[in-house]
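Worksheet for the structure shown next.
Residue numbers (my numbering): 31 to 294.
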(Lines of atoms letter the chains of each structure in order from A and count residues from 1; the text may use other names and numbers.)
(Lines give C-alpha, C1' and ligand atoms only; values in the text may rest on other atoms or scores of the structure.)
Protein backbone atom coordinates (compact mmCIF):
# COMPACT_ATOMS: atom_id res chain seq x y z
CA UNK A 1 0.00 0.00 0.00
CA UNK A 2 1.15 3.57 -0.65
CA UNK A 3 2.45 5.70 2.26
CA UNK A 4 -0.28 6.80 4.65
CA UNK A 5 -1.95 10.12 3.85
CA UNK A 6 -1.22 13.05 6.10
CA UNK A 7 -3.12 12.78 9.36
CA UNK A 8 -3.30 8.96 9.27
CA UNK A 9 -1.22 7.04 11.83
CA UNK A 10 -0.19 3.89 9.98
CA UNK A 11 1.10 2.40 13.24
CA UNK A 12 -2.48 2.03 14.52
CA UNK A 13 -4.25 -0.97 12.94
CA UNK A 14 -7.61 -0.39 11.28
CA UNK A 15 -10.50 -2.83 11.24
CA UNK A 16 -11.09 -2.10 7.55
CA UNK A 17 -7.47 -2.83 6.62
CA UNK A 18 -7.32 -5.96 8.79
CA UNK A 19 -10.44 -7.17 6.96
CA UNK A 20 -8.78 -6.34 3.63
CA UNK A 21 -5.78 -8.48 4.61
CA UNK A 22 -8.04 -11.38 5.59
CA UNK A 23 -9.74 -11.16 2.18
CA UNK A 24 -6.39 -11.28 0.39
CA UNK A 25 -6.34 -7.60 -0.53
CA UNK A 26 -3.34 -5.28 -0.77
CA UNK A 27 -4.59 -2.14 0.98
CA UNK A 28 -3.00 -2.48 4.41
CA UNK A 29 0.05 -1.38 6.38
CA UNK A 30 2.53 -3.38 8.45
CA UNK A 31 0.59 -2.77 11.67
CA UNK A 32 -2.58 -4.09 10.04
CA UNK A 33 -0.83 -7.24 8.85
CA UNK A 34 0.67 -7.82 12.28
CA UNK A 35 -2.73 -7.44 13.95
CA UNK A 36 -4.37 -9.72 11.37
CA UNK A 37 -1.78 -12.43 11.98
CA UNK A 38 -2.33 -12.14 15.73
CA UNK A 39 -6.06 -12.49 15.11
CA UNK A 40 -5.48 -15.60 13.00
CA UNK A 41 -3.48 -17.03 15.89
CA UNK A 42 -6.48 -16.54 18.16
CA UNK A 43 -9.20 -17.30 15.60
CA UNK A 44 -7.72 -19.58 12.92
CA UNK A 45 -10.95 -19.35 10.91
CA UNK A 46 -10.94 -15.54 10.72
CA UNK A 47 -10.09 -15.44 7.01
CA UNK A 48 -12.77 -18.02 6.23
CA UNK A 49 -15.30 -16.00 8.23
CA UNK A 50 -14.31 -12.87 6.30
CA UNK A 51 -14.92 -14.65 2.99
CA UNK A 52 -18.27 -16.00 4.16
CA UNK A 53 -19.22 -12.50 5.30
CA UNK A 54 -18.33 -11.07 1.90
CA UNK A 55 -20.38 -13.76 0.19
CA UNK A 56 -23.31 -12.94 2.48
CA UNK A 57 -23.08 -9.29 1.41
CA UNK A 58 -23.28 -10.33 -2.23
CA UNK A 59 -26.30 -12.59 -1.69
CA UNK A 60 -28.11 -10.03 0.46
CA UNK A 61 -27.63 -7.25 -2.10
CA UNK A 62 -28.91 -9.55 -4.83
CA UNK A 63 -31.93 -10.38 -2.67
CA UNK A 64 -32.74 -6.69 -2.20
CA UNK A 65 -32.27 -5.81 -5.86
CA UNK A 66 -34.33 -8.78 -7.03
CA UNK A 67 -37.22 -7.36 -5.01
CA UNK A 68 -36.99 -4.02 -6.72
CA UNK A 69 -35.00 -2.09 -4.12
CA UNK A 70 -32.61 -0.01 -6.19
CA UNK A 71 -31.13 2.30 -3.53
CA UNK A 72 -28.42 1.22 -1.10
CA UNK A 73 -26.60 2.89 1.78
CA UNK A 74 -23.56 0.76 2.59
CA UNK A 75 -22.27 1.65 6.06
CA UNK A 76 -18.63 0.84 6.78
CA UNK A 77 -17.92 -0.88 3.46
CA UNK A 78 -14.18 -1.19 4.07
CA UNK A 79 -11.65 -1.20 1.27
CA UNK A 80 -13.02 -1.76 -2.24
CA UNK A 81 -12.85 -5.45 -3.10
CA UNK A 82 -14.52 -7.89 -5.43
CA UNK A 83 -18.31 -7.78 -5.69
CA UNK A 84 -18.77 -4.25 -4.39
CA UNK A 85 -22.37 -3.35 -3.61
CA UNK A 86 -22.99 -1.23 -6.70
CA UNK A 87 -21.53 -3.91 -8.96
CA UNK A 88 -23.70 -6.67 -7.51
CA UNK A 89 -26.88 -4.56 -7.46
CA UNK A 90 -26.39 -3.45 -11.06
CA UNK A 91 -26.25 -7.03 -12.28
CA UNK A 92 -29.99 -7.03 -11.52
CA UNK A 93 -30.93 -3.32 -11.57
CA UNK A 94 -28.58 -1.41 -13.89
CA UNK A 95 -29.80 1.91 -12.51
CA UNK A 96 -29.19 1.06 -8.85
CA UNK A 97 -27.82 3.93 -6.76
CA UNK A 98 -25.36 3.36 -3.93
CA UNK A 99 -23.94 5.59 -1.21
CA UNK A 100 -20.90 4.20 0.59
CA UNK A 101 -20.39 5.71 4.05
CA UNK A 102 -17.21 5.36 6.10
CA UNK A 103 -15.38 7.49 8.66
CA UNK A 104 -11.95 6.20 7.57
CA UNK A 105 -10.49 8.74 5.10
CA UNK A 106 -8.35 6.07 3.44
CA UNK A 107 -11.42 3.94 2.73
CA UNK A 108 -13.28 6.96 1.34
CA UNK A 109 -10.31 8.03 -0.79
CA UNK A 110 -9.95 4.55 -2.30
CA UNK A 111 -13.70 4.40 -2.85
CA UNK A 112 -13.80 7.71 -4.66
CA UNK A 113 -10.93 6.67 -6.92
CA UNK A 114 -12.73 3.45 -7.82
CA UNK A 115 -16.08 5.16 -8.35
CA UNK A 116 -14.86 8.16 -10.33
CA UNK A 117 -16.59 6.96 -13.50
CA UNK A 118 -19.33 4.79 -12.04
CA UNK A 119 -22.16 7.35 -11.95
CA UNK A 120 -25.00 7.05 -9.46
CA UNK A 121 -22.54 6.15 -6.71
CA UNK A 122 -20.93 8.28 -4.00
CA UNK A 123 -18.42 7.69 -1.21
CA UNK A 124 -19.24 9.81 1.83
CA UNK A 125 -16.91 10.46 4.76
CA UNK A 126 -19.13 10.33 7.85
CA UNK A 127 -19.30 8.51 11.18
CA UNK A 128 -22.16 6.04 11.64
CA UNK A 129 -22.01 6.71 15.39
CA UNK A 130 -23.59 10.05 14.48
CA UNK A 131 -26.54 8.82 12.38
CA UNK A 132 -28.14 12.24 12.18
CA UNK A 133 -25.07 13.58 10.40
CA UNK A 134 -25.02 10.62 8.02
CA UNK A 135 -28.71 10.92 7.19
CA UNK A 136 -28.38 14.67 6.73
CA UNK A 137 -25.31 14.49 4.51
CA UNK A 138 -25.87 16.54 1.37
CA UNK A 139 -24.13 14.13 -1.03
CA UNK A 140 -26.10 11.21 0.32
CA UNK A 141 -29.42 13.05 0.20
CA UNK A 142 -28.84 14.19 -3.37
CA UNK A 143 -28.46 10.56 -4.46
CA UNK A 144 -30.72 8.57 -2.11
CA UNK A 145 -34.47 9.24 -1.84
CA UNK A 146 -35.67 8.01 1.55
CA UNK A 147 -39.24 8.50 0.40
CA UNK A 148 -38.75 5.30 -1.60
CA UNK A 149 -37.48 1.92 -0.35
CA UNK A 150 -33.79 1.89 0.55
CA UNK A 151 -31.57 -0.98 1.71
CA UNK A 152 -29.20 0.00 4.53
CA UNK A 153 -26.24 -2.34 4.93
CA UNK A 154 -24.46 -2.85 8.27
CA UNK A 155 -22.22 -5.72 7.19
CA UNK A 156 -19.52 -6.58 9.75
CA UNK A 157 -19.64 -3.09 11.25
CA UNK A 158 -21.98 -3.02 14.26
CA UNK A 159 -19.63 -5.07 16.45
CA UNK A 160 -17.44 -1.95 16.38
CA UNK A 161 -20.29 0.39 17.39
CA UNK A 162 -21.24 0.73 21.09
CA UNK A 163 -24.42 2.65 20.19
CA UNK A 164 -25.55 0.05 17.64
CA UNK A 165 -29.18 -0.10 18.80
CA UNK A 166 -29.59 3.67 18.53
CA UNK A 167 -27.85 3.73 15.15
CA UNK A 168 -30.02 1.00 13.61
CA UNK A 169 -33.16 2.60 15.06
CA UNK A 170 -32.29 5.96 13.48
CA UNK A 171 -31.93 4.41 10.04
CA UNK A 172 -35.00 2.23 10.55
CA UNK A 173 -37.06 5.30 11.35
CA UNK A 174 -35.76 7.05 8.22
CA UNK A 175 -36.77 4.17 5.93
CA UNK A 176 -39.97 4.13 3.92
CA UNK A 177 -42.16 1.01 4.22
CA UNK A 178 -40.57 -1.80 2.25
CA UNK A 179 -37.07 -0.58 3.08
CA UNK A 180 -34.57 -3.19 4.21
CA UNK A 181 -31.82 -3.49 6.80
CA UNK A 182 -28.99 -5.95 6.18
CA UNK A 183 -26.63 -6.77 9.03
CA UNK A 184 -23.92 -9.19 10.00
CA UNK A 185 -22.27 -9.28 13.40
CA UNK A 186 -19.48 -11.33 14.91
CA UNK A 187 -20.27 -13.45 17.98
CA UNK A 188 -18.57 -16.12 20.04
CA UNK A 189 -18.44 -19.55 18.46
CA UNK A 190 -19.36 -22.76 20.28
CA UNK A 191 -15.67 -23.43 21.00
CA UNK A 192 -14.82 -19.90 22.11
CA UNK A 193 -13.44 -19.82 25.66
CA UNK A 194 -13.68 -16.74 27.90
CA UNK A 195 -9.90 -16.39 27.58
CA UNK A 196 -10.13 -16.46 23.77
CA UNK A 197 -12.86 -13.81 23.78
CA UNK A 198 -10.87 -11.60 26.14
CA UNK A 199 -7.76 -11.94 23.96
CA UNK A 200 -9.64 -10.92 20.80
CA UNK A 201 -11.18 -7.97 22.61
CA UNK A 202 -7.75 -6.92 23.88
CA UNK A 203 -6.29 -7.17 20.38
CA UNK A 204 -8.93 -4.86 18.90
CA UNK A 205 -8.62 -2.48 21.85
CA UNK A 206 -5.25 -1.58 20.37
CA UNK A 207 -6.74 -0.73 16.97
CA UNK A 208 -8.80 2.16 15.67
CA UNK A 209 -11.89 -0.05 16.04
CA UNK A 210 -12.38 -1.69 19.47
CA UNK A 211 -14.82 -4.60 19.49
CA UNK A 212 -18.16 -4.56 21.30
CA UNK A 213 -19.23 -8.09 22.23
CA UNK A 214 -22.92 -9.01 21.94
CA UNK A 215 -24.81 -12.26 22.42
CA UNK A 216 -26.88 -13.67 19.55
CA UNK A 217 -29.99 -12.48 21.43
CA UNK A 218 -28.59 -8.94 21.63
CA UNK A 219 -27.74 -9.00 17.93
CA UNK A 220 -31.29 -10.06 17.10
CA UNK A 221 -32.64 -7.24 19.26
CA UNK A 222 -30.95 -4.75 16.92
CA UNK A 223 -33.71 -5.59 14.43
CA UNK A 224 -36.55 -4.59 16.77
CA UNK A 225 -39.34 -2.90 14.82
CA UNK A 226 -38.42 -4.73 11.62
CA UNK A 227 -39.65 -8.00 10.12
CA UNK A 228 -36.77 -10.43 9.48
CA UNK A 229 -37.10 -12.33 6.22
CA UNK A 230 -36.59 -16.08 6.24
CA UNK A 231 -34.52 -17.72 7.62
CA UNK A 232 -34.07 -14.94 10.19
CA UNK A 233 -30.80 -14.39 12.05
CA UNK A 234 -28.49 -17.28 11.20
CA UNK A 235 -24.80 -17.92 10.52
CA UNK A 236 -24.02 -15.98 7.36
CA UNK A 237 -23.18 -19.13 5.40
CA UNK A 238 -26.73 -20.40 6.06
CA UNK A 239 -28.48 -17.27 4.76
CA UNK A 240 -29.83 -18.12 1.28
CA UNK A 241 -26.69 -20.10 0.42
CA UNK A 242 -25.66 -20.62 -3.19
CA UNK A 243 -24.09 -23.98 -2.48
CA UNK A 244 -24.22 -26.70 0.17
CA UNK A 245 -24.24 -24.78 3.48
CA UNK A 246 -22.45 -27.69 5.16
CA UNK A 247 -19.42 -27.29 2.88
CA UNK A 248 -16.35 -25.30 3.99
CA UNK A 249 -17.91 -23.77 7.10
CA UNK A 250 -16.08 -22.59 10.22
CA UNK A 251 -15.66 -25.14 12.96
CA UNK A 252 -16.64 -22.96 15.89
CA UNK A 253 -13.75 -20.79 17.06
CA UNK A 254 -15.95 -17.80 16.18
CA UNK A 255 -19.14 -17.12 14.27
CA UNK A 256 -20.74 -14.44 12.13
CA UNK A 257 -24.52 -14.02 12.22
CA UNK A 258 -26.47 -12.34 9.43
CA UNK A 259 -30.01 -11.26 8.65
CA UNK A 260 -32.12 -9.14 6.34
CA UNK A 261 -35.19 -7.42 7.78
CA UNK A 262 -37.95 -5.36 6.18
CA UNK A 263 -39.66 -2.26 7.50
CA UNK A 264 -43.40 -2.96 7.60
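No residue lacks a Cβ here, since even glycine has one placed at the ideal position from N, Cα and C.
When rounded, the separation of the alpha-carbon atoms in residue 226 and residue 172 is 45 Å. In this structure, the alpha-carbon of residue 140 lies about 27 Å from that of residue 210.
Apart from sequence neighbours up to five positions away, the residues of its chain that approach residue 255 with a beta-carbon distance below 6 Å are 202, ordered along the chain. Contact check for residue 214 against residue 59 fails: the beta carbons are separated by 8 Å or more. Leaving aside the five residues that flank residue 78 on each side, the residues in its chain whose CB is nearer than 6 Å to its CB run, in chain order, 280. Per DSSP, the continuous alpha helix (DSSP H) segment holding residue 85 begins and ends at 76 to 96. CA-CA distance, residue 166 to residue 158, rounds to 12 Å.
Within the same chain, and ignoring the five residues on either side of residue 50 in sequence, the residues whose Cβ sits closer than 6 Å to its Cβ are 57, 58 and 109.
Residue 122 and residue 229 have their alpha carbons spaced roughly 42 Å apart. Where residue 60 is concerned, the enclosing alpha helix (DSSP H) starts and stops at 60 to 72.
In the displayed model, residue 139 falls within a helix according to three-state DSSP.
Residue 115 and residue 106 have their alpha carbons spaced roughly 12 Å apart. In this structure, the CA atom of residue 52 is about 10 Å from the CA atom of residue 62. The Cβ neighbour count for residue 283, taken over all protein chains shown within 10 Å, is at least 16; the residue is labelled buried. Residue pairing for residue 127: DSSP places it in a beta bridge opposite 101.
The closest CA to that of residue 289, considering only 83, 125, 190 and 241, is found on 83. Using a 10 angstroms sphere on the CB of residue 235, the tally of other CB atoms stays under 16, which defines it as exposed. A residue is called buried when at least 16 other Cβ atoms come within 10 angstroms of its Cβ; residue 189 meets this threshold and is buried. Taking 8 Å as the cut-off, the beta carbon of residue 217 is found closer than this to the beta carbon of residue 249. With contacts defined by Cβ atoms closer than 8 Å, residue 170 and residue 103 form a contacting pair. The beta-carbon distance between residue 195 and residue 252, rounded to whole angstroms, is 6 Å. This is short enough to meet the 8 Å contact definition.
Around the beta-carbon of residue 223, fewer than 16 other beta-carbon atoms lie within 10 Å, marking it exposed.
Secondary structure of residue 184 (DSSP, three-state): strand. Counted as a single uninterrupted DSSP element, the alpha helix (DSSP H) harbouring residue 173 occupies residues 168 to 173.
DSSP places residue 202 in the uninterrupted alpha helix (DSSP H) bounded by 194 to 204. When the Cα atoms are used, residue 177 and residue 205 turn out to be separated by approximately 7 Å. Per DSSP, reduced to three states, the secondary structure at residue 280 is coil, with no helix or strand assignment.
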